[in-house]
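> Residue numbers (my numbering): 213 to 609. Just so it is clear, CB atoms sit at the ideal spot from N, CA and C, and this is done for glycine as well. I am attaching a structure below and will ask some questions about it afterwards.
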Amino acid sequence: MSAFTDLWRELADVGGSPEQGYVRFAWTPAEWELRSWFRAQARYRDLAFEVDGNTTMWATWNPGGAAGPAVVTGSHLDSVPHGGGYDGPLGVVSAFLAVDLLRRRGVTPARPIRIAAFAEEEGSRFGVACLGSRLMTGAFDPGRARALTDRDGVTLAEALSRYDFDPARLGPVPLDGVHAFVELHVEQGRALTVPVGIGSSVWPHGRWRMDFTGEGNHAGTTLMGDRRDPMLTYAFSVLAANKEARVHGAHATVGRVAVHPNATNAIPSRVTGWLDARAASTETLDALLASLGSKIATRAARDGTGFTITAESTTGEIGFSDALIRRCVTVLGEDTPVLPTGAGHDAGVLSGSVPTVMLFVRNPTGVSHAPAERAEDEDCEAGVTALAAVLEELACR
Ligand code: GLV
Ligand code: MN
Ligand code: MN
Ligand code: MN
């Protein structure tokens with residue numbers, strides 16, 4: 213069995229299974245198990261282990277005792293509800309294996325190489341995507357982060373305290389210690405037809421909370437003409453988001469909904485839908501939101517319901533470092549595909565502050581954020597080899 217297969221197996225049962233998918237939310241027992249695994253991997257390799265104020269885990273390999281900024285690689289360990297096993301963990305596992313490979317080859321880097329695992333990348337628990345990296349770069353206010361609540365009403369501050377993390381330590385981390393950041397990730401569509409590609413950019417994207425309010429009432433006695441039913445306005449919003457996305461050449465999804473009181477025989481008083489929207493340009497994304505917002509407002513007026521839309525987290529247009537892309541192409545071969553992604557990543561957040569690039573590993577199903585997400589072991593091994601080559605290039609030259 214390969215080193216990849218061996219290490220990958222260690223995660224197979226944590227927080228789910230390949231068939232049912234994984235539920236690995238930040239600061240929960242499943243994620244804690246992954247944190248313990250990360251620490252054990254660092255110890256086993258004699259890497260310096262550290263957890264910063266945003267609960268990002270770090271493992272540092274610095275055999276030559278080099279001073280100065282580090283080349284950072286890694287990804288995240290949390291998942292969407294019932295997500296695939298590769299989104300996130302592949303980048304962390306590959307990082308440890310790339311260090312093993314460089315060691316075996318006798319490489320002594322001139323810069324430290326650090327492996328990072330960022331917290332709450334998916335925003336599955338507290339709603340804000342890439343929360344750990346946003347806090348690190350100062351893009352998200354720590355006070356606002358502490359007050360975020362999960363679906364059970366637990367604040368982020370409470371969630372941290374339960375694991376003995378100090379919520380007061382959330383906040384920006386100096387980035388002058390980072391020479392470059394490379395995130396390896398499973399590709400999340402069907403765009404990559406060879407084992408490994410290089411990321412060029414991330415589509416502008418964001419999450420918006422849509423609140424619809426009306427009048428809760430009896431399903432049997434309330435005349436159809438007397439209703440102020442927020443479910444109708446919500447239903448319209450789902451269809452309108454799909455239509456507007458097609459019209460604008462963008463992507464829009466409503467993948468989460470909460471209904472109050474959520475009873476078959478009651479007209480709801482309140483419905484909340486979460487909109488995820490993405491486009492190749494900020495202009496297109498803005499145009500989609502403006503058009504959708506006005507169409508829903510018109511519909512709400514007709515339904516006699518209230519409608520508000522609030523941004524939960526947004527990410528602007530991101531292009532990865534041209535210089536790093538060129539160096540990756542040089543190292544991996546001129547014919548290595550360079551491709552954009554519609555998915556969000558900590559690399560996208562960090563690229564605003566430090567030179568950043570991504571490597572993608574082919575996904576044979578093209579599915580992600582669902583149990584069918586896959587990568588072949590051989591492709592993952594090619595990913596490790598590619599990551600090691602890029603790390604060597606960035607840390608030795
Ligand atoms: C996270 O993976 C996202 O793209 O939403
Ligand atoms: Mn994801
Ligand atoms: Mn991811
Ligand atoms: Mn992501």
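Apart from the five residues on each side of it in sequence, which residues of its chain come closer than 6 Å, Cβ to Cβ, to L404?
Excluding residues within five positions, the ones whose Cβ falls inside 6 Å are F572 and R574.
> What are the boundary residues of the beta strand (DSSP E) that A252 is part of?
Taken as a continuous stretch (DSSP letters only), A252 belongs to no beta strand (DSSP E), being part of the alpha helix (DSSP H) at P241 to Y256.
> Between which residues of its own chain and R611 is the CB-CB distance below 7 Å, once the five residues before and five after are set aside?
As displayed, the chain neither begins before 213 nor continues past 609, which places residue 611 out of reach and without an answer.
> F424 lies in the beta strand (DSSP E); which residues open and close that run?
Segment H417 to T425, the beta strand (DSSP E) holding F424.
> Quick one: give me the first and last residue of the beta strand (DSSP E) that P324 is part of.
Note, P324: premise wrong, no beta strand (DSSP E); not H, not E.
> For S563, verify whether its CB is less than 7 Å away from any heavy atom of ligand 3.
The answer is no for S563.
> Alpha carbon to alpha carbon, how far is L313 from T548?
Each residue's Cα considered, the two are about 21 Å apart.
> Ignoring anything shorter than 3 residues or poking outside the stretch 455-479, list the beta strand (DSSP E) runs there in chain order.
Listed in chain order, they are 463-472.
> Is the beta carbon of H557 within less than 7 Å of some heavy atom of ligand 3?
True, at least one ligand heavy atom lies under 7 Å from that Cβ.
> Relative to the alpha-carbon of S689, which residue among F237, G297 and V340 has its alpha-carbon at the smallest distance?
Nothing in the structure corresponds to residue 689, since the chain is present only between 213 and 609.
> Relative to the C-alpha of P386, which candidate in T553, R609, T522 and D264 has its C-alpha closest?
The option with the nearest alpha carbon to P386 is D264.
> In chain order, what residues of the same chain have a beta carbon less than 6 Å from the beta carbon of D211, not counting five sequence neighbours either side?
Missing from the structure shown is residue 211; the chain here goes from 213 to 609 and no further.
> Quick check: what's the CA-CA separation for A371 versus A555?
Taking the straight line joining both Cα atoms gives about 27 Å.
> Determine the direct distance from the alpha carbon of V283 to that of A489, and round the result to whole angstroms.
Roughly 32 Å separates the two Cα atoms.
> Among R236, T268, A328 and E395, which one has its Cα closest to the Cα of E334?
It is R236.
> Give me the Cα-Cα distance between L501 and H581, rounded to the nearest whole angstrom.
So the alpha carbons of these two residues sit roughly 24 Å apart.
> Tell me the rounded alpha-carbon separation between D378 and T267.
Answer to the nearest angstrom: the Cα atoms are 9 Å apart.
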